[in-house]
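Step one of this worksheet: look at the structure below.
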Ligand code: NAP
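Residue numbers (the numbering used here): 2 to 237.
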């Protein structure tokens with residue numbers, strides 16, 4: 002029997018890397034999308050290089066998938082960027098990059114693959130963020146992109162549920178990945194202060210394990226403790 006096929010964005014690092022490793026291990030083939038090419042040492046992994054901050058590249062990449070990978074049954078929109086600090090310290094270019102990678106790219110990719118996913122009775126999982134759920138300082142623009150992403154997928158489920166499409170939003174809180182390398186804060190070393198990327202990959206597997214006919218529309222993941230280390234603030 003051939004392996005089911007998933008398209009995953011942001012496979013080169015952190016959460017996307019853990020999700021892809023878990024899918025490959027559990028019998029999926031994965032088409033990964035991001036700028037750098039990861040090495041999964043698996044013949045079931047295929048890479049498409051794409052800068053998701055460039056809408057034309059996203060449209061081209063979407064067309065390649067819909068023309069070539071017609072068996073796709075799962076789309077995981079995971080890639081994202083976050084720039085944090087007082088809102089006045091973020092440049093328009095930074096705001097544009099966050100909006101295009103976090104919100105516009107998933108909208109384009111989803112639109113281009115929707116017919117195929119409907120026909121295959123497939124599934125979409127979006128990695129949003131807990132910041133979409135609760136207001137907090139120093140991440141207003143990032144949170145706005147993630148709140149938009151969550152709302153888009155919650156609405157899309159209402160629009161497409163009668164066609165059998167399952168749509169899930171996973172909202173992880175702080176997760177130990179390179180995501181915060183330039184941020185003015187990071188989770189402390191305490192192991193209860195952050196999720197691991199593997200926890201989010203486990204949540205994806207739990208969503209996939211649900212019986213046909215019941216849809217997990219939302220998953221919220223939070224660390225046991227909130228323990229942040231502060232770092233010097235830089236303008237972006
Ligand atoms: P990460 O380790 O920094 O990985 C980000 C991934 O996104 C990389 O694979 C990167 O690939 C890709 N990406 C970034 N910009 C891109 C671009 N312009 N074009 C194509 N791909 C791009 O971060 P992570 O923590 O795993 O984050 C994954 C998702 O989880 C993001 O959507 C993030 O918002 C969300 N999230 C993270 C946390 C957290 O605390 N870490 C919490 C909640 C939600 P390339 O650089 O190779 O292009």
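Idealized CB from N, CA, C, for every residue including glycine.
Practice problem: Give the DSSP-derived three-state secondary structure of residue 15 in the structure shown. | Solution: helix
Quiz item: Can you pull the DSSP bridge partners for residue 33?
Solution: 9 and 48
Practice problem: Pick helix, strand or coil for residue 73, following the three-state DSSP scheme. | Solution: strand
Quiz item: Per DSSP, which one or two residues make a beta bridge with residue 180?
Solution: BP columns for residue 180 are empty, so no partner.
Self-check item: Chain-order list of residues whose beta-carbon lies under 8 Å from that of residue 45 (same chain, five-residue window excluded)
Solution: 4, 25, 29, 30 and 31
Quiz prompt | Where residue 65 sits in the DSSP three-state scheme | solution = helix
Quiz item: Any heavy atom of the ligand NAP within a distance shorter than 8 Å of the CB on residue 52?
Solution: yes
Self-check item: Top-ranked residue by Cα proximity to residue 183, from 165, 91 and 66
Solution: 91
Quiz item: Between the stretch 142 to 160 and the stretch 195 to 211, do at least 3 Cβ pairs fall closer than 8 Å?
Solution: no
Quiz item: What distance in whole Å lies between the Cβ atoms of residue 11 and residue 1, which are believed to be in contact at a cut-off of 8 Å?
Solution: Since the displayed the chain opens at 2 and closes at 237, residue 1 lies outside it and no answer follows.
Self-check item: Supposed close pair residue 109, residue 188 - CB separation, criterion 8 Å
Solution: Between residue 188 and residue 109 the Cβ distance is about 32 Å, and since that is not below 8 Å, they are no contact.
Self-check item: DSSP state of residue 55 mapped onto helix, strand, coil
Solution: coil
Self-check item: Delimiting residues of the beta strand (DSSP E) encompassing residue 124
Solution: 124 to 128
Exercise. Give a single yes or no on whether residue 139 has its beta carbon closer than 8 Å to a heavy atom of the ligand NAP.
Key: no
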